[in-house]
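Engineer: At the far end of the sequence shown sits residue 427, using this note's numbering, and the numbering has no gaps. Quick reminder that beta carbons are idealized off the backbone N, C-alpha and C, glycines included.
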Amino acid sequence: MRYLVGNWKSNKTFDEAQAWFNEIPEAIIPTDTEVVICPPYPYLVTLANDGRRTTSLKLGVQDVSQFPYGAYTGAVAVEMVKEWADYAILGHSERRKYFHETHQEVANKVDRCIEAGLTPIVCVDEDYINQQIAAIQDEHMKKIIVAYEPLSAIGSGDPDTPEHAVQVARAIKDKAEFDVPVLYGGSVKPGNIQSFLQHSEISGALVGGASLNAQSWKDLLNACEKNSL
């Protein structure tokens with residue numbers, strides 16, 4: 199299975215989000231690719247229930263709380279989103295940087311997601327792979343997806359080389375002691391995604407800025423189709 203995951207971060211008005219979904223036809227979604235969009239929380243329910251949403255397009259969230267229901271002001275527990283989301287991005291470098299999330303806090307979120315039936319997409323950086331993977335319970339390794347995102351490539355327009363990304367993917371699998379799916383994330387665009395997908399060690403891509411434009415997203419989908427497994 200291959201994965202194409204779009205992370206909208208804190209972007210788009212609600213009308214812009216709906217317009218984006220209306221522009222993505224069902225016919226262009228590759229049959230061998232799990233296509234996931236992670237919109238901001240406020241749009242999740244309506245987009246999930248909107249009849250114009252393509253049936254094979256999955257939704258995810260960009261984070262969940264490490265805590266369950268309770269007195270945690272401002273937190274969004276996984277139980278609140280599990281009805282509409284299938285995936286959750288966890289430990290993105292921006293959350294580690296701006297919200298000071300620790301490896302253990304991310305691991306706690308992995309626990310919450312697996313308990314609720316969501317698939318965690320755990321973001322890791324090359325410098326901390328050992329610590330980030332070690333924090334996750336061994337029995338959960340077969341239930342997660344890992345996204346390698348080099349810090350220098352996030353939002354910079356300067357992606358890692360496919361060859362180096364493959365080396366990191368192998369290191370992740372070795373540390374996990376399991377053939378965990380590894381996505382590449384970091385300045386992924388229609389013009390470079392095929393260079394990553396052609397390697398069997400890379401199971402897909404986590405896309406930021408290039409997922410915001412509907413035409414760019416369609417180009418990414420077409421690139422995935424050309425590299426069908």
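Whose C-alpha, out of Asn411, Ile331, Lys207 and Ile352, is nearest the C-alpha of Glu303?
Structural biologist: Ranking Asn411, Ile331, Lys207 and Ile352 by CA distance to the CA of Glu303 puts Ile331 first.
Engineer: Note down the Cα distance separating Arg250 from Trp218, rounded to an integer number of angstroms.
Structural biologist: Annotation note: pLDDT 48 at Arg250 (below 50); position unreliable, coordinate value reported separately. Looking at the two C-alpha atoms, the distance is approximately 11 Å.
Engineer: Since I believe Ile287 is in contact with Asp325 (beta carbons under 8 Å), could you give me their beta-carbon distance rounded to a whole number of angstroms?
Structural biologist: No, Asp325 and Ile287 are not in contact; Cβ-Cβ is about 20 Å, not under 8 Å.
Engineer: So, under 8 Å CB-CB, Val233 and Leu255 are touching, yes? Tell me the CB distance rounded to an integer number of Å.
Structural biologist: 5 Å
Engineer: Within 10 angstroms of its Cβ, does His290 collect 16 or more other Cβ (buried), or is it exposed?
Structural biologist: Around the beta carbon of His290, 16 or more other beta carbons lie within 10 angstroms, which makes this residue buried.
Engineer: Below 6 Å CB to CB, which residues in the same chain sit around Gln392 once its five sequence neighbours on both sides are set aside?
Structural biologist: Ala421 and Asn425
Engineer: With DSSP as the reference, please indicate the residues paired to Thr288 in a beta bridge.
Structural biologist: First, the residue type needs correcting, since residue 288 is Leu and not Thr in the sequence shown. Leu288 is bridged to Val320.
Engineer: Just the Cα atoms here: how many angstroms apart are Gly272 and Asp309?
Structural biologist: 20 Å
Engineer: Tell me the DSSP secondary structure of Cys387 in three-state form.
Structural biologist: In the sequence under discussion, the amino acid at residue 387 is Lys, which differs from the Cys named in the question. In the three-state reduction of the DSSP assignment, Lys387 falls in the coil class, being assigned neither a helical nor a strand state.
Engineer: Looking only at its own chain, which residues have a Cβ that is under 7 Å from the Cβ of Glu174, when we skip the five neighbours before and after it?
Structural biologist: Beyond the ends of the chain as shown, which are 199 and 427, falls residue 174; an answer cannot be given.
Engineer: Strictly by DSSP, which residues pair up with Ile227?
Structural biologist: According to DSSP, which records beta bridges pairwise, Ile227 is partnered with nothing at all.
Engineer: Would you list the one or two residues that DSSP bridges to Val405?
Structural biologist: Gly204
Engineer: Could you check whether Ile343 and Leu395 sit closer than 8 Å to each other, using their CB atoms as the reference points?
Structural biologist: no
Engineer: Near Val243, which residues of its chain fall below 7 Å by C-beta distance, leaving aside the five closest residues on each side in sequence?
Structural biologist: Trp282
Engineer: Indicate the three-state DSSP secondary structure (helix, strand or coil) for Val304 in the structure shown.
Structural biologist: helix
Engineer: Going by C-alpha distance, which of Ala345, Pro318 and Ala408 is nearest Glu399?
Structural biologist: Ala345
Engineer: Lys371 by DSSP, collapsed to three states: which one?
Structural biologist: In the structure shown, Lys371 sits in a helix (DSSP, three-state: H, G or I).
Engineer: Report yes if the CB atom of Leu316 is closer than 8 Å to the CB atom of Val276, and no otherwise.
Structural biologist: Between Leu316 and Val276, the CB-CB gap stays under 8 Å.
Engineer: Assign Pro223 to one of two classes, buried (16 or more other C-beta atoms within 10 Å of its C-beta) or exposed (fewer than that).
Structural biologist: exposed
Engineer: If you draw a straight line from the alpha carbon of Thr300 to that of Arg294, how long is it in whole angstroms?
Structural biologist: Near 7 Å, if we compare the C-alpha coordinates of Arg294 and Thr300.
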